[in-house]
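Take any residue in the sequence shown, count from 1 to its spot, add 94: that is its number in the working numbering.
Just so you know, even glycine gets a beta-carbon here, dropped at the ideal spot from N, CA and C.
Read through the structure below, which is laid out as C-alpha coordinates, and then see the notes.
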Amino acid sequence: MYLLLFTIIYCVITQVLDISYELAMGVFIIGLGLVKGFLSEEKQDIFNLKKAKYLYEKIGFKDSVIELLSLILIFINSYLIEYEHFSIFEFVYMFFLIALVYRFLFWGITRKIRKRVQLYVVKSNGKL
(Lines of atoms letter the chains of each structure in order from A; the text may use other names.)
(Lines give C-alpha, C1' and ligand atoms only; values in the text may rest on other atoms or scores of the structure.)
Protein backbone atom coordinates (compact mmCIF):
# COMPACT_ATOMS: atom_id res chain seq x y z
CA MET A 95 0.00 0.00 0.00
CA TYR A 96 2.90 2.34 0.74
CA LEU A 97 4.23 1.82 -2.79
CA LEU A 98 0.93 2.97 -4.27
CA LEU A 99 0.85 6.01 -1.97
CA PHE A 100 4.46 6.84 -2.85
CA THR A 101 3.62 6.52 -6.55
CA ILE A 102 0.65 8.89 -6.28
CA ILE A 103 2.77 11.47 -4.43
CA TYR A 104 5.53 11.06 -7.02
CA CYS A 105 3.05 11.59 -9.87
CA VAL A 106 1.67 14.76 -8.26
CA ILE A 107 5.19 16.12 -7.74
CA THR A 108 6.17 15.45 -11.36
CA GLN A 109 2.98 17.15 -12.58
CA VAL A 110 3.49 20.20 -10.36
CA LEU A 111 7.18 20.57 -11.27
CA ASP A 112 6.44 19.89 -14.95
CA ILE A 113 9.23 17.33 -15.33
CA SER A 114 9.66 15.69 -18.74
CA TYR A 115 8.13 12.25 -19.05
CA GLU A 116 11.45 10.51 -19.81
CA LEU A 117 12.99 11.87 -16.64
CA ALA A 118 9.89 11.21 -14.53
CA MET A 119 9.55 7.60 -15.64
CA GLY A 120 13.28 6.92 -15.67
CA VAL A 121 13.94 8.21 -12.17
CA PHE A 122 11.06 6.19 -10.73
CA ILE A 123 11.80 2.88 -12.47
CA ILE A 124 15.59 3.08 -12.16
CA GLY A 125 15.34 4.28 -8.56
CA LEU A 126 13.07 1.44 -7.48
CA GLY A 127 15.20 -0.99 -9.48
CA LEU A 128 18.25 0.14 -7.53
CA VAL A 129 16.37 -0.19 -4.24
CA LYS A 130 15.34 -3.72 -5.18
CA GLY A 131 18.91 -4.49 -6.23
CA PHE A 132 20.37 -3.34 -2.93
CA LEU A 133 17.78 -5.23 -0.90
CA SER A 134 18.04 -8.53 -2.81
CA GLU A 135 20.24 -11.32 -1.55
CA GLU A 136 20.76 -13.04 -4.92
CA LYS A 137 21.08 -11.77 -8.48
CA GLN A 138 18.15 -13.87 -9.65
CA ASP A 139 15.93 -12.06 -7.14
CA ILE A 140 16.64 -8.70 -8.77
CA PHE A 141 15.28 -9.65 -12.19
CA ASN A 142 12.73 -12.30 -11.10
CA LEU A 143 14.32 -15.15 -13.04
CA LYS A 144 12.19 -17.79 -11.33
CA LYS A 145 8.95 -19.17 -12.77
CA ALA A 146 5.94 -16.87 -12.67
CA LYS A 147 3.82 -19.44 -10.81
CA TYR A 148 6.42 -19.68 -8.04
CA LEU A 149 6.70 -15.89 -7.81
CA TYR A 150 2.92 -15.46 -7.65
CA GLU A 151 2.61 -18.01 -4.83
CA LYS A 152 5.48 -16.36 -2.96
CA ILE A 153 4.38 -12.74 -3.43
CA GLY A 154 0.61 -13.08 -3.32
CA PHE A 155 -2.31 -11.45 -5.09
CA LYS A 156 -2.61 -8.23 -3.07
CA ASP A 157 1.03 -7.19 -3.43
CA SER A 158 1.02 -8.18 -7.10
CA VAL A 159 -1.99 -5.98 -7.87
CA ILE A 160 -0.63 -3.01 -5.90
CA GLU A 161 2.70 -3.22 -7.74
CA LEU A 162 0.93 -3.43 -11.10
CA LEU A 163 -1.31 -0.45 -10.27
CA SER A 164 1.73 1.54 -9.23
CA LEU A 165 3.49 0.82 -12.51
CA ILE A 166 0.38 1.63 -14.54
CA LEU A 167 0.05 4.96 -12.68
CA ILE A 168 3.60 5.85 -13.66
CA PHE A 169 2.87 5.11 -17.31
CA ILE A 170 -0.39 7.10 -17.20
CA ASN A 171 1.46 9.97 -15.55
CA SER A 172 4.07 9.99 -18.30
CA TYR A 173 1.29 9.94 -20.89
CA LEU A 174 -0.38 12.95 -19.23
CA ILE A 175 2.88 14.90 -19.09
CA GLU A 176 3.42 14.73 -22.85
CA TYR A 177 -0.15 14.41 -24.05
CA GLU A 178 -0.14 13.03 -27.58
CA HIS A 179 -2.57 10.75 -29.30
CA PHE A 180 -1.19 7.23 -29.39
CA SER A 181 -1.59 4.99 -32.38
CA ILE A 182 -2.62 1.36 -31.97
CA PHE A 183 1.03 0.33 -32.36
CA GLU A 184 2.08 2.65 -29.53
CA PHE A 185 -0.59 1.23 -27.21
CA VAL A 186 0.53 -2.32 -27.98
CA TYR A 187 4.15 -1.28 -27.47
CA MET A 188 3.22 0.37 -24.15
CA PHE A 189 1.35 -2.76 -23.02
CA PHE A 190 4.34 -5.00 -23.72
CA LEU A 191 6.70 -2.53 -22.09
CA ILE A 192 4.56 -2.46 -18.94
CA ALA A 193 4.37 -6.27 -18.94
CA LEU A 194 8.15 -6.68 -19.30
CA VAL A 195 9.07 -4.07 -16.70
CA TYR A 196 6.50 -5.48 -14.28
CA ARG A 197 7.48 -9.12 -14.76
CA PHE A 198 11.24 -8.77 -14.63
CA LEU A 199 11.82 -5.76 -12.39
CA PHE A 200 8.80 -4.50 -10.48
CA TRP A 201 7.15 -7.72 -9.34
CA GLY A 202 8.09 -8.45 -5.73
CA ILE A 203 9.53 -5.08 -4.83
CA THR A 204 7.15 -4.50 -1.89
CA ARG A 205 7.99 -7.91 -0.47
CA LYS A 206 11.72 -7.12 -0.61
CA ILE A 207 11.25 -3.75 1.08
CA ARG A 208 8.91 -5.16 3.75
CA LYS A 209 11.27 -8.06 4.49
CA ARG A 210 14.27 -5.75 4.90
CA VAL A 211 12.36 -3.26 7.08
CA GLN A 212 11.11 -6.05 9.36
CA LEU A 213 14.66 -7.38 9.67
CA TYR A 214 15.88 -3.89 10.58
CA VAL A 215 13.12 -3.45 13.19
CA VAL A 216 13.89 -6.81 14.78
CA LYS A 217 17.61 -5.99 14.92
CA SER A 218 16.99 -2.55 16.42
CA ASN A 219 14.78 -4.03 19.15
CA GLY A 220 17.58 -6.37 20.16
CA LYS A 221 15.54 -9.55 19.71
CA LEU A 222 17.95 -11.11 17.25
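Check	Outcome
Among Ile-192, Leu-143, Met-188, the one whose alpha carbon lies nearest that of Ser-164	Ile-192
Inter-stretch contact (C-beta, 8 Å, three-pair minimum) for the segment 127 to 146 and the segment 175 to 189	no
For Ile-103 and Leu-143, the rounded distance between their alpha carbons	30 Å
CA nearest to the CA of Ser-172, picked from Leu-117, Leu-98, Tyr-96, Phe-100	Leu-117
Rounded straight-line distance, which links the Cα of Phe-141 to that of Lys-152	15 Å
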